[in-house]
Every structure is written in C-alpha cells, then in structure tokens.
Amino acid sequence: MMKRDDCLKALARHVTDADIVLPVYSTAFDWIDIRPGPLNYLSHGAMGLASSHALGLALGRPDKRVIVLDGDGSLLMNLGSLVTIGEVAPPNLYHFVCENGTYEANGGHPIPGRGNVDFAGFARSAGYRAVHAFSDLKNFEQQIGALLAEPGPLFVDLKIVSSGPQERDYTRLHGPHVRKAFRDALGAG
Amino acid sequence: MQVETDARATASLAGRNIIREIVASGVEYVVSVPDITTSEGLLRQLAQMKAPRLIRVCKEDEGIGICAGLAYTGKRALLLIQQTGMLDSINAIRGVAVEYALPICMMVGLLEKEPGVPPLQSKRYGVRIVEPILDAMGIAYHEIEEDADVGKIRPAIDEAYAASRPVVLLIGRRPT
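Read top to bottom, the protein sequences are chains A and B.
In this note's numbering, each residue's number is its place in the first sequence (first place is 1) plus 83.
In this note's numbering, each residue's number is its place in the second sequence (first place is 1) plus 12.
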C-alpha cells in the first residue's frame, strides 16, 4: 500500500504545464498543494462526475493530455462513465483512481465492497486501452512516465492507505475564481 | 377554443426541422441516453449523421459533465434525454449548470405527455412536475410541440451560450 501524497508527487514529476488535471475531494487538496496551477480543473459540481467532465475536455481539446485523479467512492457513483470512455476511446485521457476504500471526505466510512471491488477489472472490461494497478510506490515511480507517454484511454488503480477524516476549505475547489482561472488559462493555450 | 386545442393536438413536428435547427445552432456534439419520445424522429436520424457527433452515455448526469467539459473548450453540445433522466440528474444540473453558470443545453422528451396538451395540464404527474421544478431551479425552458415551435431552438441555444446558463427544450410529442 502507498501513501497518496507520495503517489501524487511521483505523478507530478511527469505532468507538464500544458496538461489538464482533474483531482477530486481529498486528492484535490493534496494535489493543489503539490502542483498548483490554473489548468487544475477542480469544480465538478456533483460527486462522481470528474471522469465525465474529463471526457468532455478530452474531446474538446485533443491537443492536451487530460488527467483524472478520481476517488474510489466517486468512481462508484459514475461507473457508467468507464463504459462511455471505453467506447469513445479518447487517446488523450488518463484516468487514475486513488483506492483507499473509504469516503474520506465524508467521514471516512467504508465504500461498499471495500477490498473486493476490482476497479482495474471494471476498466478493462469497459474497453480502456491499457489498465494497471499499483500497490508499490517504487514500481509506480518507475513506470508512470512511460505510461503517460502512451496513448489513452489509460486507467491506473493506485492502492493507497486512507489519510483519515479531514476538515477542508472547499472554497479552494469550488469558488468562482477557480473556474475563471481555469477558463482563462485554457483559452490562452 | 376547442378548435384551437384540436388543431394543436393534430399538429405535426418533423424531426428533420429540429435537426436543422440543432445544426444551425453550431452544436458539434449530441450526448444522449435514448428517450422513447425522440427515439425515432431525432436520435435515430442523428445516429446516422457524421456531424454533430453522437456520444452515447450510460446515464444522464454523465452527459451534464461531458457537456460542461466541452463548454470550457468552446464546443457546443446538446444533451438529448427523457424527463425521467433529467429528474434523475437534478443534483448535477443544480451544481454544474446552475451554480457554476454553464451553458448546459438539454433537449428533453416528455414521456407520456398527451400531444397538444400543455405540460402543466397533463394527466401525468411525471409530466406536470417538470416545468415547476425548472421554475424552482431558475432554469429557462421552451415548449417544442409542433413545427411552428422549432424556431425557438436556435435562439435558445445561442442565448444559453451568450449568457452562460442552462436551457431546456421540452419536446412535447414524438417527432416524425
């Protein structure tokens, strides 16, 4: 099992200023501390929808890599998006799920099927071009650069430990200034 | 008055006229879960066209997210669904379309609405509640009941993108 912030730091070393990144909930707070930037797409409006926002962005901007940092609880709310993404098959979409088995942002309660659900299996059967699962940080660090260099849609299941319940300031994710900054940055390039 | 009602009940709504307006609106993507009202007259025809591109989704709220992502990239999209799916997606519409003020354009077939009968006067509970819910959410909507109404489509979509706000086009009978 890995720590989320270690995984995100490893990923951040391979993310460029041109990439769009959609992190959700607890992952979003860690990510914007590790790699702040205007092309972080933080406002998803409803739990579970990050992968769907990402598909729209990937279709509309095929020149950019679109990287989703999903949660396991979030993805369970929108499993159909795996099938939709598998069918549309955008080559610029990279879908990571931080699997800690809990609704960390909502009190740390366990997700249904914790430990039994096979997220990589879901993505594989939905038609993602490539699917990987990591529980060892060194392996992830060694492979992530090459994985991001390949065409998508890519799915990566990161087996992580829970960070426990946390109090967060959600205006950092949902404030109008966040969306304006993203819109301006995407329009500029 | 009875004559007017009868005329509206027997009026026609051609799918090709709706599609013409969708195309003229600059819509590049139609995102859809099949709806029985628009299945034959709209969706089946759209599925045979190269543009706009049809994206089939598993659930309607997925479409809200996809249309939002496309909107940020400057691409116009139309979410073609049934009112049951719209009702199922209320939270996504609340968060993404209304609170984030994004131009989410929805074309919504009204399942089991009687042709020629205004939605508010329908005998169907699932039809009667649609417009009051949209009113409560502050979402603009237009009834598309017959060919004379299709002229509302392009201005409604243009206005949604100009003002960055959602709009709903309610399809009140099966297009032919």
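Backbone N, C-alpha and C define an ideal beta-carbon position, used for all residues, glycine too.
Quick check: what's the CA-CA separation for residue i versus residue j?
| i | j | result |
| --- | --- | --- |
| L122 (chain A) | L181 (chain B) | 32 Å |
| P234 (chain A) | R207 (chain A) | 15 Å |
| Y173 (chain B) | P115 (chain B) | 5 Å |
| A209 (chain A) | D240 (chain A) | 14 Å |
| R96 (chain A) | L176 (chain A) | 18 Å |
| I103 (chain A) | R186 (chain B) | 41 Å |
| D100 (chain B) | E72 (chain B) | 8 Å |
| A148 (chain B) | V142 (chain B) | 10 Å |
| Q249 (chain A) | E187 (chain A) | 8 Å |
| G107 (chain B) | G128 (chain A) | 4 Å |
| F179 (chain A) | R68 (chain B) | 23 Å |
| S135 (chain A) | A89 (chain B) | 14 Å |
| V171 (chain A) | A111 (chain A) | 26 Å |
| I156 (chain B) | Y41 (chain B) | 20 Å |
| F205 (chain A) | I93 (chain B) | 26 Å |
| Y108 (chain A) | G156 (chain A) | 10 Å |
| H154 (chain B) | S24 (chain B) | 17 Å |
| T185 (chain A) | D113 (chain A) | 16 Å |
| G27 (chain B) | L54 (chain B) | 5 Å |
| V43 (chain B) | E52 (chain B) | 16 Å |
| C181 (chain A) | D100 (chain A) | 22 Å |
| L140 (chain A) | R65 (chain B) | 15 Å |
Quick one: does residue i have its CB under 7 Å from some CB of chain B?
| i | result |
| --- | --- |
| G120 (chain A) | no |
| L138 (chain A) | yes |
| T185 (chain A) | no |
| S208 (chain A) | no |
| T167 (chain A) | yes |
| R144 (chain A) | yes |
| L159 (chain A) | no |
| G163 (chain A) | yes |
| A129 (chain A) | yes |
| L269 (chain A) | yes |
| P241 (chain A) | Note that residue 241 (chain A) is Leu in the sequence shown, not Pro. For L241 (chain A), the answer is no, since every Cβ of chain B falls outside 7 Å of its Cβ. |
Based on DSSP bridge pairs, tell me the residues matched to residue i.
| i | result |
| --- | --- |
| N123 (chain A) | A:V104 |
| M84 (chain A) | Partner(s): none; M84 (chain A) has no beta bridge. |
| Y153 (chain B) | B:V180 |
| G121 (chain B) | B:Q94, B:I183 |
| D240 (chain A) | A:V180, A:A216 |
Check whether the Cβ of residue i lies closer than 7 Å to any Cβ atom in chain A.
| i | result |
| --- | --- |
| A104 (chain B) | yes |
| C70 (chain B) | yes |
| K62 (chain B) | no |
| G81 (chain B) | yes |
| Y50 (chain B) | The question names Tyr, yet the displayed sequence has Thr at residue 50 (chain B). Chain A contact via Cβ: absent. |
| T85 (chain B) | yes |
| V179 (chain B) | no |
| V45 (chain B) | no |
| G150 (chain B) | no |
| R169 (chain B) | As written in the sequence, residue 169 (chain B) is Ile, which differs from the Arg given in the question. No - not a single Cβ of chain A is within 7 Å of the one on I169 (chain B). |
| Y112 (chain B) | yes |
| I78 (chain B) | yes |
| G107 (chain B) | yes |
| E74 (chain B) | yes |
State the CB to CB distance for the pair residue i and residue j, rounded to an integer number of angstroms; the pair is presumed to be in contact (CB under 8 Å).
| i | j | result |
| --- | --- | --- |
| T22 (chain B) | G121 (chain B) | With 8 Å as the limit, T22 (chain B) and G121 (chain B) do not qualify as a contact, their Cβ atoms being about 20 Å apart. |
| G143 (chain A) | T85 (chain B) | 3 Å |
| I78 (chain B) | L138 (chain A) | 5 Å |
| A104 (chain B) | I76 (chain B) | 4 Å |
| M84 (chain A) | I194 (chain A) | Contact doesn't hold; Cβ gap of about 16 Å is too wide. |
| M98 (chain B) | M118 (chain B) | 6 Å |
| L158 (chain A) | V261 (chain A) | Not a contact, Cβ separation roughly 22 Å. |
| A133 (chain A) | L105 (chain A) | 5 Å |
| V39 (chain B) | I183 (chain B) | The Cβ separation is near 15 Å, so there is no contact. |
| P131 (chain B) | V139 (chain B) | 5 Å |
| I165 (chain B) | I30 (chain B) | 7 Å |
| G191 (chain A) | G247 (chain A) | 6 Å |
| V211 (chain B) | E33 (chain B) | With chain B covering 13 to 188 only, the question about residue 211 (chain B) has no answer from this structure. |
Inside the region 139-213 of chain A only - beta strand (DSSP E) runs reaching at least 3 residues: The region 139-213 of chain A contains, as complete beta strand (DSSP E) runs of 3+ residues, the segments 149-154, 176-182 (chain order).
Secondary structure, beta strand (DSSP E): runs of 3+ residues fully inside the region 32-103 of chain B: Listed in chain order, they are 39-44, 65-68, 88-94.
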